[in-house]
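Counting in the numbering used here, the final residue of the sequence shown is number 304, and the numbers go up one at a time with none missing.
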Amino acid sequence: MLRGFFILLSKVPWAQRVITRWGVARRAARRFVAGDTIADALQAALALNQAGMQVSLDPLGENTTHAEGAEAAAQEILTLLDSLHAHELRANVSIKLSQLGLALDENLCRQLLGKILARAGERGVFIRIDMEDASLTERTLEMFHWARQQSEGVGVVIQAYLYRSEADLMRLREVQGKVRLCKGAYREGADVAFPQKSAVNRNYDHLVKVLLESARAAGTPLLSADGRTPPLAAVATHDPARIAFAEAEMARQGLPKGSVEFQMLYGIRRDLQETLVRQGHAVRVYVPYGTHWYPYFMRRLAERPENVRFFLSNLFRK
Ligand code: FDA
-13 MLRGFFILLS KVPWAQRVIT RWGVARRAAR RFVAGDTIAD ALQAALALNQ
37 AGMQVSLDPL GENTTHAEGA EAAAQEILTL LDSLHAHELR ANVSIKLSQL
87 GLALDENLCR QLLGKILARA GERGVFIRID MEDASLTERT LEMFHWARQQ
137 SEGVGVVIQA YLYRSEADLM RLREVQGKVR LCKGAYREGA DVAFPQKSAV
187 NRNYDHLVKV LLESARAAGT PLLSADGRTP PLAAVATHDP ARIAFAEAEM
237 ARQGLPKGSV EFQMLYGIRR DLQETLVRQG HAVRVYVPYG THWYPYFMRR
287 LAERPENVRF FLSNLFRK
């Protein structure tokens, strides 16, 4: 229930206006968000690189409601790509297509994505297309398949809570699409997604198996030497049982360390991130930055009741 409430809140404009004004909310969000600027993001990326981890930088933004907003978001991404080129960090970039206006005007979104892919190609930076709520799944995948024809340096995300995901993975296998597998962070109906956590976990393990088979079939390309291009399969979770399953599956399929990337979010389970690095695994941390942190922060609260309690106790202490 709490999860649903916070996800609902993430979409309510007046709640966003009120909550983002609170200094305490901004400070709490900083646990999950590197800062407001590209400079903050690059600093966080450098520290993570020094700790042996790769990074994916996320210029926060979603659900753009006008063309100017989509163009401004694209410009921010282009500037980030230029900055990454200048800093030679082991980092790539994650984007959301709704920030480029996917729900508003598909042609505009395609045009902006094309510009981003061209610049990313020049700068040698891989682009990951995040997956959003189920109203955008089909359009996001269509756009990914278009993007994959323009560039090899692009991947997408698949959510284990959706019933359709196995079929989507099989289609991605045909184009050797690079996939980040996550559980799914939005509130979806039982008509499209498994309502129970145990079923999501079971499907996650099943999809890990399918994805790793795709990686093996593709010849298990490893993480690139510059740390920017991930291998075909990325297992994105902080759930130790899912990670243990993926490790066992790598061993069963004869996939060496480095042929599958483990991905986690900035500010979550740093201990587990470090353990995986020590064990010789490829680890990438997703680092969001920017002033549009509100919906991202609400989704992180929704994932864990302890986060809400911590946030509320700080709120009432002020
Ligand atoms: P689960 O929720 O079962 O949590 C397992 C454990 O992780 C918890 O017991 C706790 O210890 C820790 N944990 C998880 N969330 C936490 C939190 N918010 N605060 C503190 N501890 C927490 N989703 C999506 O829909 N589209 C996308 O594109 C992406 N992209 C993405 C990239 C990366 C790198 C990651 C790791 C995740 C995503 N996600 C996502 C989010 C994903 O769908 C999911 O909501 C979160 O990862 C939480 O699920 P877990 O797999 O960690 O499991």
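Yeah, the Cβ is synthetic: ideal placement off N, Cα and C, and Gly gets one too.
Spatial neighbours of residue i within its chain, please: C-beta separation below 6 Å, excluding the five flanking residues on both sides.
i    : result
P291 : L(-12)
E174 : A120
F112 : N78, G139, R214 and T215
L251 : Y272
Let me check understanding here. Comparing Cα to Cα, which of the options lies closest to residue i?
i     : options                   : result
V41   : R76, L64, W8 and H52      : R76
R150  : Q239, A211, E124 and R188 : E124
Q249  : R159, T261 and G240       : T261
Q136  : S210, I102 and Q61        : I102
P(-1) : Y280, L287 and N293       : Y280
R264  : T277, F283, T223 and G244 : G244
A222  : R12, M117 and E108        : M117
Buried or exposed: residue i, going by 16 or more other Cβ atoms within 10 Å of its Cβ?
i    : result
R228 : buried
L148 : buried
M156 : exposed
E128 : exposed
E48  : buried
L298 : exposed
H73  : exposed
P274 : buried
I think residue i touches residue j, with their Cβ atoms under 8 Å apart; what is that distance to the nearest whole Å?
i    : j    : result
V271 : Q259 : 6 Å
L193 : E152 : 6 Å
L66  : L43  : 6 Å
A220 : L167 : 7 Å
Beta-carbon within less than 8 Å of residue i's beta-carbon, same chain only, minus the 5 sequence neighbours each way: which residues are those?
i    : result
V362 : What the structure shows of the chain is the stretch from -13 to 304, and residue 362 is not part of that stretch, so it cannot be assessed.
A53  : G87, L90, D91 and L94
P328 : Because the chain spans -13 through 304 in this model, residue 328 falls outside it and cannot be assessed.
G21  : A27, Q29, A30 and Y275
Kindly list the residues whose CB is nearer than 7 Å to the CB of residue i, restricted to its own chain and excluding five residues on each side of it in sequence; keep chain order.
i    : result
L28  : S69, H73 and L75
R202 : Q239 and L241
A1   : L(-5)
L208 : P217, G244 and S245
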